[in-house]
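Residue numbers (our numbering), protein chains in the order written: chain V, 6 to 126; chain Y, 119 to 880. Have a look at the structure below before the remarks.
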């Protein structure tokens, strides 16, 4: 495994994806993006990420289903940061056993700190 | 046939009539041959000796009548033989002294011997030669007389017994004279006794004679009964009672003719034969007994009348009071039955809010108390009836009813009583159902035939009404010809209907309340869901707007200068996302306007085809994976609000893009389908709409697909529909078999007037 720290962004909204990529690029992470859970499953199989930033509401395969399927893939599993605008974000985070939760709209510093924190685990 | 005794004597051959006459003679005679063989015997002889003719004819008399073997001192056979021998010898009649001869009883009457005393006389019948041809043996049974004497002897002293013996010896000497005299005395005594008995008998008795029914005798009781104050003896009945019921005269005449006794019980007779002016009725038990003269011919009638008026009156009183009692009992039973019906119906109706079921049960309770069959009908809308429940006393007809109205089928209002009740809300009471009535009530021939087959003769339809509003009718019908509807039936039926109506209303209110609650709950759910979706849809653009703003701020704050490229991306994103926010807010405002009926169209003459083309061109910029193809045919101009119509087309094409996640062709077709109608079709090859959601796609806040998967507020189609409908058109969702969705907007576009065309050109 190479030295770079990879972050997988799973998000269907193009603008938010672009924003996340810019911010995390600035922090020196290698950012992979997937527009839904199905694409994300292919990505994690090819280039396992160190941290996953996961939206909940997405077409095709949403965050919950992705998380469930991801947990069934061979270990190790990257920590998951749930990023959502949902009102019941806490419950969803519990359900998918997310390592961290960020609510939309988010503070850029919070995002960076949370990703870094999860990297250390 | 006339036969003289001489002729008979000459021929020796008893003629049949003569033999019968002989046999019927009142005396006890036996005819013997000279060798004592019995050749003839009278009925009286047979009767007194308890023998049958066949036991005697042809037999030797001493074999036929042997001595009593139990009586060693019996002398009967010896004495008779001696007398008969004397007759043969002397050829003259021989009177035997009083003779004891016991008669053997037939086995059927117990057997044994009966002590009897006889006074026999044997007379010869001489032939031409003077020889004895036959001996007539005649006997008188004097047992009773002897027994009486014996009894007296038992009680009298020896002297009396001696005297009797002397008297008996005297009797021996002059028996015939003595007996005759005694008999005459006895008969006279008997007659006097009978007359006294007759006259003073407690029952009215009269004797009438001959075809003229002439009064021969009438006793005191008879005079009292009939009320005659004058002597009626010797007068014919028709003169004494000229107005007598002819039936009574006929009965009397029949007895006279037939000789058969007449017995009539409880015959009412009007009596007023002395013109008192007060006729009175008596109820009599009558017996007409014919009596005959010595030749056996019917001479007259002895009429007995037993006055049973008092008994009959008493019995009638008892019967009447019994009938009244029974009536009261029936009434009480009926009242009880009705109270029970009301109570059971009330309990049934209160037991459940499912009034269709409870009414069926109440209908079952209603027959037979209020009729042989019944129906509950409810009004549906203004012109239809629903037969909610029916019951018939006969299970077979009930099965027909169940089959007819099992599905609670609705049917148009019939004529007849139900229609009237529903129209004026008053009970319709048809005490006699004629065929004409049926013809008027029937809605068609089949209905008429069915009603005829039910064979009801009376009916009553009462309204089911609550708060003065008629919601249906209860109809009860009678088949049993013995029954008729009474005012009480009517009251009861109306009361039953009142209770049923209240139960129905309660159930309907409950159902409506339930529906309202469900509706309210659904509205709350929809609102919650909408808020959730709205929050998400608003937060998503805000996330990127705010994120880019913060990113730029952070760089500026750290003394860096964002690259022009980054600056351009950030500002562009902010621009696009704030636009999206504005659209969302516009949609919310539109919904608010629609709800308040404040959405107003600003119509202009517009080339709708071009409008669609412009929208398609604009939206094609937003997607690479979809190809939007617009085709138009004919004149596509119309008076529409271009801004609102653009909103509709944008929404439809955006949906087509959104719900075709894998891209594909989107076809927009605009054509004049009718001279005054324009059709806009927008078809995609996307995911379509699941059938269960299709009915609701135009409802506000409704999203057929997971809102979070496809985004959007779920307001677009609802707003589009409102706009199209404000234009007087309609919007339809079609789902072709090959998949995808086809939205069709139909707009009325009357052909343009020249000046409008000019405006367009201007």
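The C-beta atom is built at its ideal place from N, Cα and C for all residues, glycine as well.
Check	Outcome
Where residue 510 (chain Y) falls, given that 16 or more other Cβ within 10 Å makes a residue buried	buried
As assigned by DSSP and simplified to three states, the class of residue 787 (chain Y)	strand
Among Y:780, Y:318 and Y:519, the one whose alpha carbon lies nearest that of residue 569 (chain Y)	Y:519
Runs of alpha helix (DSSP H) wholly within the stretch 53-119 of chain V (minimum 4 residues, chain order)	68-77 and 94-100
Local conformation of residue 852 (chain Y) per DSSP, three classes	strand
Spatial neighbours of residue 623 (chain Y) in its chain, beta-carbon cut-off 6 angstroms, leaving aside the 5 residues before and after	584
For residue 165 (chain Y), the three-state DSSP class (helix, strand or coil)	helix
Short CB-CB distance (under 8 angstroms) between residue 105 (chain V) and chain Y	no
When Y:325, Y:441 and Y:617 are compared against residue 417 (chain Y), the one with the closest alpha-carbon	Y:325
Local Cβ density within 10 Å of residue 156 (chain Y), reported as buried at 16 or more and exposed below that	buried
Residues within the stretch 78-98 of chain V neighbouring chain Y, beta-carbon criterion of under 8 angstroms	90, 91 and 92
Distance CB(residue 692 (chain Y))-CB(residue 675 (chain Y)) smaller than 8 angstroms	no
Exposure of residue 669 (chain Y), with buried meaning 16 or more beta-carbon neighbours within 10 Å	buried
Inter-residue Cα distance where the pair is residue 717 (chain Y) and residue 768 (chain Y)	18 angstroms
Residue 213 (chain Y) beta carbon less than 8 angstroms from that of residue 239 (chain Y)	yes
Beta-carbon gap between residue 702 (chain Y) and residue 655 (chain Y) smaller than 8 angstroms	yes
DSSP-derived helix/strand/coil call for residue 800 (chain Y)	strand
Closer than 7 angstroms at the beta carbon, the chain Y residues around residue 28 (chain V)	669
Burial state of residue 448 (chain Y) (16 or more Cβ within 10 Å)	exposed
Amino acids of chain V, ordered along the chain, whose beta-carbon sits closer than 9 angstroms to that of residue 846 (chain Y)	The contacting residues do not exist; residue 846 (chain Y) stays about 37 angstroms from chain V at best.
Runs of alpha helix (DSSP H) lying entirely within the stretch 344-392 of chain Y, each at least 4 residues, in chain order	355-358 and 364-376
At least 3 beta-carbon pairs within less than 8 angstroms: the stretch 749-763 of chain Y vs the stretch 783-798 of chain Y	yes
Touching by the beta-carbon criterion (3+ pairs, under 8 angstroms), the stretch 42-52 of chain V and the stretch 23-34 of chain V	no
Start-to-end residues for the alpha helix (DSSP H) that takes in residue 435 (chain Y)	427-469
Three-state class that DSSP yields for residue 777 (chain Y) in the structure shown	coil
Secondary structure of residue 34 (chain V), DSSP reduced to three states	coil
Residue 719 (chain Y): first and last residue of the uninterrupted beta strand (DSSP E) it sits in	Premise fails: residue 719 (chain Y) is in no beta strand (DSSP E) and is neither H nor E.
Minimum C-alpha distance to residue 362 (chain Y) - residue among Y:352, Y:651 and Y:389	Y:389
Beta-carbon spacing of residue 604 (chain Y), residue 592 (chain Y) below 8 angstroms	no
As assigned by DSSP and simplified to three states, the class of residue 39 (chain V)	strand
Residue 59 (chain V) beta carbon less than 8 angstroms from that of residue 71 (chain V)	yes
Beta-carbon contacts of residue 747 (chain Y) that lie in its chain and below 6 angstroms, excluding the five residues immediately before and after	785
Residue(s) in a DSSP beta bridge with residue 11 (chain V)	V:35
CB contact below 8 angstroms: residue 666 (chain Y) versus chain V	yes
Proximity of residue 443 (chain Y) and residue 466 (chain Y) at Cβ, strictly below 8 angstroms	no
Residues that residue 18 (chain V) contacts on chain Y, provided the C-beta gap is smaller than 8 angstroms	658, 661 and 662
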